[in-house]
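Enquirer:
Quick look at the structure:
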């Protein structure tokens, strides 16, 4: 599923960035471009980051 339609960034790409150490929307944007245009995907990226954080601290 696409997280960022403007840059065609998928949820899997965001998860890959997180697995490689990204911990913020800015880091994901710098790597994938997601959130760099209209920014409507920033909430989705934040939710993915939060879920990832919860999984690693559980």
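In my numbering, the protein residues as written are 8 to 65.
Backbone N, C-alpha and C fix where the C-beta goes; we use that ideal spot for every residue, glycine too.
Keep in mind it's a predicted model, so treat the numbers as computed, not measured.
How would you write the range of the alpha helix (DSSP H) that residue 24 sits in, first residue to last?
Expert: That run of the alpha helix (DSSP H) goes 18-26.
Enquirer: Between which residues of its own chain and residue 51 is the CB-CB distance below 6 Å, once the five residues before and five after are set aside?
Expert: So the qualifying residues of the chain are 10.
Enquirer: Suppose the cutoff is 8 Å on Cβ atoms and the five residues either side in sequence are ignored; what does the same chain contact list for residue 16 look like?
Expert: Excluding residues within five positions, the ones whose Cβ falls inside 8 Å are 9, 10, 39, 40, 41, 48.
Enquirer: Go ahead and label residue 61 buried or exposed: buried means 16 or more other beta carbons lie within 10 angstroms of its beta carbon, across all protein chains shown.
Expert: Exposed, since its Cβ has fewer than 16 Cβ neighbours within 10 Å.
Enquirer: Is the closest heavy atom of the ligand ADP to the C-beta of residue 43 under 7 Å?
Expert: Annotation note on the ligand ADP: not contained in the displayed structure, which lists no ligands.
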